Amino acid sequence: MSSSEEIIELCKLEHTALRRELNQLKWCEIQFFTFAITATIVVLGLIFKNSSDLNLHYLENNAVCLISLVPLLFLIPSLWIFLDTAKTISRIVGYHFWLEDILLGRTAPDAIRFHGWETALTILRENVRYLEHARDSPGESSMIQAILGDLKEYNKNFLLLKTSNLAVFLSIRGFLVAVYVTFVAFIALCSFPFAYFACRNGLAIFSQYNLFNAVGCAVVIFAFFTIFWEFATLKHLIFGKFSDRANRIKWRIAFEKP
1 MSSSEEIIEL
11 CKLEHTALRR
21 ELNQLKWCEI
31 QFFTFAITAT
41 IVVLGLIFKN
51 SSDLNLHYLE
61 NNAVCLISLV
71 PLLFLIPSLW
81 IFLDTAKTIS
91 RIVGYHFWLE
101 DILLGRTAPD
111 AIRFHGWETA
121 LTILRENVRY
131 LEHARDSPGE
141 SSMIQAILGD
151 LKEYNKNFLL
161 LKTSNLAVFL
171 SIRGFLVAVY
181 VTFVAFIALC
191 SFPFAYFACR
201 NGLAIFSQYN
211 LFNAVGCAVV
221 IFAFFTIFWE
231 FATLKHLIFG
241 KFSDRANRIK
251 WRIAFEKP
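According to the working numbering, the residues represented by the sequence shown are 1 to 258, in order.
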């Protein structure tokens with residue numbers, strides 16, 4: 001068992017290293033966001049560059065409407081990666097809370113199990129899905145039951161969280177919200193031409209470019225499903241099971257003694 005001094009020294013090293021990791025992850029988020037939006041603008045610019053008079057009649061061209069879906073190939077994955085990176089950042093912040101408690105003397109090193117970052121992360125990964133989805137735990141230890149009890153409010157369906165959906169857009173996590181809204185706007189912009197074309201022509205769209213139009217319909221439906229699904233992720237990042245506070249509770253499984 002490491003001495004208290006060794007634990008505190010390691011906490012200092014980890015605090016510095018993880019702070020650097022957080023900055024790198026945030027830079028990664030910015031790069032994905034910038035790439036996705038820039039690439040979308042370039043592709044849409046190439047599609048519509050020869051049209052000096054853009055109007056809804058231009059959207060009756062089946063090929064134009066299909067090609068306008070191309071940016072979704074990098075918009076949707078970039079949104080996934082951005083929010084997944086945000087979840088990783090939140091997880092590290094949760095660990096940071098524990099390091100700060102130790103360094104500031106709020107938690108005694110001898111009162112916890114200190115494994116170090118990599119081992120603690122392995123413990124969390126092995127249990128995180130259970131911690132995020134378990135409801136009742138009659139057969140678990142008192143420590144696990146206490147953790148699940150504290151996570152209960154955070155693990156609810158995003159529609160059942162105490163805060164309203166509107167509160168997401170009024171939260172202090174303005175950067176996350178702004179990026180999500182921007183992605184949604186560009187996904188909707190790229191989906192609109194084909195959605196408009198499909199509404200105008202109904203089932204007749206399957207008589208021309210049959211396979212391509214079927215794929216186009218599937219892509220548009222999937223795009224709007226993604227918007228809804230990732231809103232749930234966004235709300236959980238701010239108020240729910242992916243939030244900094246929830247992650248602080250989850251890390252108890254690695255730090256607390258049984």
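We put the beta carbon where it would ideally sit given N, CA and C, even for glycine.
A quick note: this is a predicted structure, and the numbers were derived from the prediction, not measured.
Cα-Cα separation between residue i and residue j, rounded to whole angstroms
| i | j | result |
| --- | --- | --- |
| Leu-18 | Gly-174 | 23 Å |
| Ser-3 | Ser-90 | 29 Å |
| Phe-120 | Phe-114 | Here residue 120 is Ala; the residue named in the question, Phe, does not match the sequence. Distance between the alpha carbons of Ala-120 and Phe-114: 8 Å. |
| Ile-249 | Lys-235 | 18 Å |
| Ser-171 | Ile-47 | 37 Å |
| Asn-62 | Ala-214 | 12 Å |
| Val-42 | Tyr-196 | 22 Å |
| Ile-147 | Thr-38 | 43 Å |
| Phe-231 | Asp-244 | 17 Å |
| Met-1 | Ile-7 | Confidence at Met-1 is low in this model, with a pLDDT of 45, below 50, so its placement is unreliable and the value that follows should be read with caution. Taking the straight line from one Cα to the other gives about 10 Å. |
| Ile-238 | Glu-132 | 15 Å |
| Arg-125 | Trp-117 | 12 Å |
| Glu-9 | Trp-80 | 37 Å |
| Thr-122 | Ile-112 | 17 Å |
| Leu-159 | Phe-224 | 18 Å |
| Asn-157 | Leu-69 | 31 Å |
Start and end residues, alpha helix (DSSP H) containing residue i
| i | result |
| --- | --- |
| Asp-110 | Taken as a continuous stretch (DSSP letters only), Asp-110 belongs to no alpha helix (DSSP H), as it is neither H nor E. |
| Arg-245 | 244 to 250 |
| Glu-14 | 4 to 48 |
| Ser-68 | Element bounds for Ser-68: n/a, residue is neither H nor E. |
| Tyr-180 | 174 to 201 |
| Thr-163 | Counting along the chain, Thr-163 falls outside any alpha helix (DSSP H), and DSSP gives it neither H nor E. |
| Leu-124 | 117 to 133 |
| Gly-149 | 142 to 151 |
Residue-level contact to chain D via CB, residue i, 7 Å cutoff
| i | result |
| --- | --- |
| Leu-83 | No chain D is part of this structure, which consists of one protein chain only. |
Reference residue i, options the options, closest by Cα
| i | options | result |
| --- | --- | --- |
| Val-64 | Leu-44, Asn-157, Val-219 | Leu-44 |
| Glu-14 | His-236, Ile-147, Val-93 | Val-93 |
| Lys-87 | Ile-123, Gly-105, Lys-241 | Lys-241 |
| Val-128 | Leu-151, Trp-117, Ser-142 | Leu-151 |
| Gln-145 | Pro-258, Glu-5, Glu-9, Trp-27 | Pro-258 |
| Glu-300 | Glu-5, Asn-23, Ile-253, Leu-10 | Outside the shown range of the chain (1 to 258) lies residue 300, about which nothing can therefore be said. |
| Glu-21 | Thr-85, Arg-200, Thr-182, Glu-100 | Thr-85 |
| Phe-212 | Trp-229, Cys-199, Phe-194, Arg-200 | Phe-194 |
Contacts around residue i, its chain only, beta-carbon distance under 7 Å, and the 5 residues preceding and following it disregarded
| i | result |
| --- | --- |
| Phe-82 | Glu-29, Phe-32, Phe-33, Val-179 |
| Phe-169 | Val-177 |
| Val-184 | Ile-227 |
| Ala-246 | Leu-151, Tyr-154, Gly-240 |
| Thr-16 | none |
Cβ neighbours of residue i in the same chain (closer than 6 Å, five flanking residues each side left out)
| i | result |
| --- | --- |
| Lys-12 | none |
| Ile-67 | Ile-47 |
| Trp-98 | Trp-251, Phe-255 |
| Tyr-95 | Trp-251 |
| Ala-36 | Phe-74, Leu-75, Ser-78 |
Near the ligand SAH: residue i beta-carbon under 6 Å from a heavy atom
| i | result |
| --- | --- |
| Asn-127 | Only the bare structure without any ligand can be found here, which leaves the ligand SAH out of the picture. |
Same chain, Cβ closer than 8 Å to residue i, neighbours up to 5 away in sequence not counted
| i | result |
| --- | --- |
| Phe-186 | Ala-36, Ile-37, Thr-40, Pro-71, Leu-75 |
| Asp-101 | Thr-107 |
| Lys-26 | Ile-89 |
Next item on the list: Determine, using beta-carbon pairs with one atom in the region 214 to 221 and one in the region 153 to 168, whether at least three such pairs fall under 8 Å.
Entry: no
Margin query: So, does the region 67 to 78 touch the region 177 to 196, judging by three or more C-beta pairs under 8 Å?
Written below: yes
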